[in-house]
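Have a look at the structure below before the remarks.
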C-alpha cells in the first residue's frame, strides 16, 4: 500500500500569464479559423483562451529543492526535472491551446489522450513530460502547481486508468493555488509582481507552505500566524490565531450573479442560472467563537428536498434547513466564501432581450431591445450592453437609442450605456444603430471591409450582445440574511451589517437571425430512465 | 545562473548578480548575513535567508560550505533574538534545515553527522519550550522542520514520540497544530511494519542525542502500542482546532495507520464527525478527506444516507456555477471514480442534468461530463441514441465557432463512446458524425485520421476505421467537395491514409479522376505548392507500389501527363517524368520491383542489423553521353526553282514574326548518343530507372532530364552495344556555346546508383537551324526561305544603321579556295543554304530561340568575302571562332 498522503508541491508558478490584449488573440484565431467569431465559452477556464495573450515569462516561480530531491528518489530514472520558466510556459501554452491554436497537436489532441483535467501533461523536449501540472485560471491568469505523487502513478504509461481521487496532492494543489490567487490579487493588466507583492507571496509560501507542504491556505491569516496570541489557557485554534478584543462585529455580504443565454429562437430553449455566494467578515470575541446566521431564500435551497444547491465552506460545522431557510453554524472564515448557492427553479431572466444584427457589405445594422421584467427593481448602478466585433474597427454611422448613449470602446466594441433605470412606464429600451466596419490588418494599417474581403465575414452575424448590470442592496432571488438572526456564541451583543448586490455574469443575447450555439432539448428523460434501469 | 539571477532580482538582491560564480556569490551572501544588526539590514538578511533556501542546491559544494552557511544563519538567529522578528527567525531555521537536507545529496554524509545531530537537538530544544509566548511561530517552524526530517529519515524521531505527545497536549498556542502534525507522522512511521525508504535513508548514523526531549534507553517509560492508540484518539479530538489542511494531513495519517493496522479500524467511528462536518463542503481538501474515508473505510464509517449525501455533494459541486472550473472538474473526476466503484449508486442520481453538458459548459467540462455519461451507461442497452443526442450542444458550438478545443473534445468523446459502446449503432453513427463534421469543417481531418489510428490500435477488428475512411474518400472525391486549394492538403492526407489500406477503401479511380478534374488541370496545377505537388506524386507512387496498376492505368497516366503538361516546377516535372516513364515502360511486376525495396528481416542476421540501403555513388562514370553528329549530305539536294512569292516584304516579316513566337516555345532538340564506358562492369545487369540530369548555367537556360526505364547492355562480351540515341531537349535563352554538367541516377539490383558523366559541350553550330517555314508555305519552302532571307537581310541591314542596337553587320575574308569552301558549306550548313550560284552563297540560319545569322559568301579571286548580318552582336564573336575551325 503506497503512502496515502503525498501532499507536497514540487513547484508553484504564479501566475503564468499576463496581460490581456483582447483583440490580438481573437485576431489570430480569426486568421486561423475563419469561422471563429465570438467565444461562447462561458466557463472561466482554459477555453476562455480567446481572451488572453500570454507572456512567455512567469511572474513568480517557486521550486522546493527538498521536494525535488524527494521526487528524484521516488521516481528514480523516470524523474523529470522542472524546466526553465520559458520552456515550461511555452509547453503549457501549447497544452492549453494558446499557441498552435489552429492546428492539431498530437500530444494534446490525440483521441486517446487521457482526460484528467484540471491536471495537464506538459510535454517537454525529448518526449519527456511533466504530470500532473494543476492549472487554475483566475482573472485571465493561469496559476500552476506540480504536486509530488507516487512513483507508481508517475511511471504508469497508460494514464487512462488513473483517477485524481487517488492523488490528494492534486486537491491540495488546487487549494494552494486558490490561496495564492487571494494572496496576490493580480489582474490581467499586470505584467509582473512588484517587489512588495513578491515578498508578500514569499511570506505566505514560507509560512503556510514551508517545504512545499500546505498547512493553511488562507493568506489573510499570515500576519496573525507569525505573531499569534498565546496567553490563553484554552487551546487557541489555528483558524483564529489572535482573539478579537474590541466590540464584536459581523458583516455579511451576499453577491448574487445571473448568467443567461437568450436565443429568441423557437427551437432552442433559453438557459439561465441564478447563483451567489455569501461571505462573512467577523471580528468576534472568544478563543474559538461560533457564529450562526439564517439564510432566507424564498424558493428554499435544501438539495435533498427541492434540488437546491447550497455548498458550504469547511468552516461550517452544521446546517439546518427549513422550507425557505438555511441556518448555518460556522467558525470565522474571513475573506473566504461561507457558502455558495444556486437556485435552479428560477428560469425567468430579469431582463429580456432581443438582438438582431444584419450585415450589408461594410455596414452593420444593429437592433437591440431590452425589457425589464415586471417586479424587478428598476434601479441600476450599471446598465450597459456591449456588442463586440472582435478583430474589427467599428465606427457609428447613425446612432439611435430610446434612452442612454452609444459609444465605441477599444475600437471594436459598441457600447450602449442605458443609464441607471429603464423608462418607468414601458420598462424597455431600444437601440437601433448602423455602424461601419473595417478589418484590422495590424495595428498600423486598416482596410475597409467590402467586396472580396467579405469572404467569411458573414460569420460575424453569429454573435451576441452582452448585458452588464449591477444592482446594489438587491438580490434577484430574494436571498437575504436577517440581521436579527445573527448570533455569536461568545458575545451576547454583536453589531451586524448585511449588504447585498446583484450582478450579471455572461448575460448574453444571441443574434436571433443567425446560428445559435445551443440545441433544443437534451435526452433527459431517456437518460434518466437508463440510469434507473 | 540565469534562474539564480532571477531569484536574486526578485528578492531585491539584484546587485549580487554581478558575482561571476557560486563561491563568490556565497561569500557575498554570508557577508550580508554577518553584517551588523539594524532594522534596515533586517530585510536584506531575510531575503538572503530565503535565497539560500531557494538555491541551496546550487550554493553547496562541500561540507565547508554547509558549515559556513549554517554558522552564519545560526548567528543571525541568535543575534536578532531581542528584535522579536519571528519571520527572520523562522526563515533562518527553514533555510538551515533545507541546506542540511540538501547537503546529504551532495556531500559525504560522515562530514555532516555532527552538524545534523546538533541541528536536530536544537530543533527539539525549541519544540520543547511549550507555551513560550515569545516564540510561537519559531516553534511552529521548528516542528515543521522536524516533520521534514522525519519524512526524509523515517523513524528518526521514533524515540521522541512520548515527549512529542506531551508537548502537543500541553501546548495551547497555535503551534499545537504543527506539533500534532509531527506527532501524527511519527506515530504513523512508528507503527508501520515497513517504511518507504527515501534517498536519504541510511545516510545518517543514528547517534545518541543529548536532548532531554528524547526518551533514553534507561528510561522506564517505553511507549507501547496501546499508548499510540490513545495518542491517535487525542489527535482526532483536537482536529476541530486545526485548519482544514491540518485536518486533512492528520486524518490521512490516521487513515494510513488504520490501513496498516486493521485492529485500529475498530475505532474508525471516531472519524465519523469529520464526515458529517465536511459532507456539505466545496473545499477540495475537505472534500477529498471525506472521499478518502469513504474509499478506504467506507464500510466502517458510512451509512447508506452518508453515501447518498456524498453522491449528492459530488453532483452538486461538479456543476455548481459559483465554483471555479478547476474545482468542478476535480469533483467530476471524483464522481466518476465513486460511481465506477459503486455502480449501484448510479440509480440514485435523481437529476441527470447534473451530468449533462449545458450551454454554459466549455470544452473541458463537456468532455468530462460526456465521458462520465458514457461510462455510466456502459452496459446498458439502447444507450447509443441518447448518448449521441447528448453530443448535440458540443456539435452546435462547433458550428458556431471553430475552436481547436471543441474539435479535440468531440473526437475524444466519440473515441470514448466507441470504446465503451462498441455496438452496431455506435459503429454506424460515429463515422457518420465524423464525416458530417469533416465535410462542414475540413480542418477537422487531422483529428479524424488520428481517431482512425487510435481505434485501429485499441479495436483492431472494428469496422469503423475502414467505414470511416471509405466515406471520407467518397465525400472528398465528389464535385461538391468543400476543399479549396488552401485546404486541399487535408484531403490529400485522407487519400494518403486510404492508400495504405485496401483497394475498396482507397478507390483509386475515384481519387485519380478527382485529381485530374480539379487539381492537376491546367487552371490549378500551376498554382500547386512544391509541397502539395510532391504529396500528390507520393500518392501516385503509393498507388503504383501498393496496387495493380492495370486497374487504374489510364487514370494514373493521365494524372502524370497532366502534371507534366501543366506544372512549372522542375522538381515536380522530374518526378512526374520518372513515374510516367516507369509506368508506361515497365510491367506491373517490374514496377513493384523497382519501387518496393526488398524487405530486410532484422532476424536474418542474428546480431547485427542490416545496413539501410543507401545511394551508391560511383567515382568513375559508367555511362557516356555525346552529341550525335548531324547527318551530312554528300551531294546537295537540288534546289527546285520556284516562282517568287506574291507577298509584300512587310507581310512576310509579319507572318514570320507570328510564326517564330510559336517556334520559340518548343525545345531545341539535339541528338545524343548514350553508351557505357569501359568502367562499366555490370554488362549483364540491366540498368533501370535511369535518369540523366543536366546542370546548365542559369543564364543559358535548361535541359530537360532524360528518363529511360530500362537500359539493357547488349553484346557485352564484344563491347559493341547498339547505340541509344536520345533527344536532348534544350530550352535556352541565348544560343551561346556552353558546357553542361551531366549526372545520372539509376538502379542496378534495386540499389540506387549515382555518377557524374563527362560534361556535354555545346557549340554554336549545334544551335544552327534552317529558317523556319510558315505552315502555309510548307510546300514552297525554298521560295519562302529565299524571300524571307532577303526580307530579313534588308530589314536587319536597315536596322543596323539606326542606334537601336537591334542589328549588326560585319564583314570577314576567308582565304580558302572556292572549291574547299563550297565543300565545307555543303558539309556544315547544307540545310541553311537558301540561294547559291557559282559566285555566291546565301546562308540563312535561325538560332534558337529568337536570333538569326544571315551570311552572303562572295567568291573573288582566290578568297571569299563574307558579309554577315545578325540581330545578336555576341553571335559575331562566336562566328569568328567558328570560321577558324574551317581552317
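Residue numbers (the working numbering), protein chains in the order written: chain A, 8 to 540; chain B, 1196 to 2082. The C-beta atom is built at its ideal place from N, Cα and C for all residues, glycine as well.
Selected residue, minimal CA-CA separation from residue i, among the options
i, options, result
"residue 418 (chain A)", "A:445, A:277, A:224, A:213", "A:445"
"residue 2031 (chain B)", "B:2042, B:2017, B:2023", "B:2017"
"residue 1434 (chain B)", "B:1282, B:1375, B:1455", "B:1375"
"residue 340 (chain A)", "A:381, A:288, A:437, A:328", "A:288"
"residue 297 (chain A)", "A:226, A:494, A:317, A:149", "A:494"
"residue 1741 (chain B)", "B:1625, B:1779, B:1701", "B:1701"
"residue 1436 (chain B)", "B:1363, B:1380, B:2065, B:1293", "B:1363"
"residue 71 (chain A)", "B:1261, B:1519, B:1290", "B:1290"
"residue 2079 (chain B)", "B:2045, B:2037, B:2063, B:2011", "B:2011"
"residue 1264 (chain B)", "B:1664, B:1211, B:1225, B:1753", "B:1225"
"residue 1920 (chain B)", "B:1967, B:1538, B:1870, B:1959", "B:1870"
"residue 400 (chain A)", "A:382, A:380, A:378, A:369", "A:369"
"residue 416 (chain A)", "A:398, A:189, A:435", "A:398"
"residue 1584 (chain B)", "A:525, A:403, A:330", "A:525"
Contact check, residue i vs residue j, beta carbons under 7 Å
i, j, result
"residue 1341 (chain B)", "residue 1386 (chain B)", "no"
"residue 366 (chain A)", "residue 392 (chain A)", "no"
"residue 1495 (chain B)", "residue 1448 (chain B)", "no"
"residue 286 (chain A)", "residue 345 (chain A)", "yes"
"residue 534 (chain A)", "residue 1547 (chain B)", "yes"
"residue 265 (chain A)", "residue 427 (chain A)", "no"
"residue 488 (chain A)", "residue 300 (chain A)", "yes"
"residue 390 (chain A)", "residue 270 (chain A)", "no"
"residue 1844 (chain B)", "residue 1986 (chain B)", "yes"
"residue 1747 (chain B)", "residue 1703 (chain B)", "yes"
Inter-residue CB distance, residue i and residue j (contact presumed, cutoff 8 Å)
i, j, result
"residue 1863 (chain B)", "residue 1781 (chain B)", "Contact doesn't hold; Cβ gap of about 30 Å is too wide."
"residue 1516 (chain B)", "residue 110 (chain A)", "At roughly 32 Å, the Cβ-Cβ gap does not stay under 8 Å, so residue 1516 (chain B) and residue 110 (chain A) are not in contact."
"residue 318 (chain A)", "residue 1511 (chain B)", "6 Å"
"residue 1541 (chain B)", "residue 1534 (chain B)", "6 Å"
"residue 1339 (chain B)", "residue 217 (chain A)", "5 Å"
"residue 321 (chain A)", "residue 1439 (chain B)", "4 Å"
Exposure of residue i, with buried meaning 16 or more beta-carbon neighbours within 10 Å
i, result
"residue 1530 (chain B)", "buried"
"residue 240 (chain A)", "exposed"
"residue 1726 (chain B)", "exposed"
"residue 28 (chain A)", "In this predicted model, residue 28 (chain A) has a pLDDT of only 22, less than 50, meaning its place in the structure is not dependable enough to derive any value."
"residue 1156 (chain B)", "The structure shown does not extend to residue 1156 (chain B), since chain B spans only 1196 to 2082, so no value can be given for it."
"residue 1564 (chain B)", "buried"
"residue 459 (chain A)", "Because the pLDDT of residue 459 (chain A) is 39, which lies under 50, any placement of that residue in the model is unreliable, and the number read from its coordinates should be weighed accordingly. By the neighbour-count rule (16 or more Cβ atoms within 10 Å), residue 459 (chain A) is not buried but exposed."
"residue 254 (chain A)", "exposed"
"residue 338 (chain A)", "buried"
"residue 456 (chain A)", "Unreliable positioning characterises residue 456 (chain A) in this predicted model, as indicated by a pLDDT of 42, which lies under 50. A coordinate reading is not provided."
"residue 2082 (chain B)", "exposed"
"residue 529 (chain A)", "buried"
Interface partners of residue i on chain E, CB under 7 Å
i, result
"residue 1788 (chain B)", "Protein chains in the displayed structure are A and B, and chain E is not among them."
Completely contained alpha helix (DSSP H) runs for the region 1996–2041 of chain B, where each covers 4 or more residues: Taking only runs of at least 4 residues, the alpha helix (DSSP H) segments lying wholly in the region 1996–2041 of chain B are 2013–2024.
Along the chain, which unbroken stretches of the beta strand (DSSP E) at least 3 residues long are found entirely within the region 337–375 of chain A? 344–349, 358–367
Any chance you could list the beta strand (DSSP E) runs of at least 3 consecutive residues sitting entirely within the region 1674–1714 of chain B, in chain order? none
Let me know the beta strand (DSSP E) ranges lying completely inside the region 68–135 of chain A, each 3 residues or longer, listed in chain order. Counting whole runs of 3 or more residues, the region 68–135 of chain A contains the beta strand (DSSP E) stretches 126–130.
Just list the alpha helix (DSSP H) runs in the region 1954–2000 of chain B, keeping only unbroken ones of 4 residues or longer that don't cross its boundaries, in chain order. 1976–1996
Note down, one range per segment and in chain order, each alpha helix (DSSP H) of at least 4 residues found wholly within the region 1491–1526 of chain B. Complete alpha helix (DSSP H) runs here, min 4: 1499–1512.
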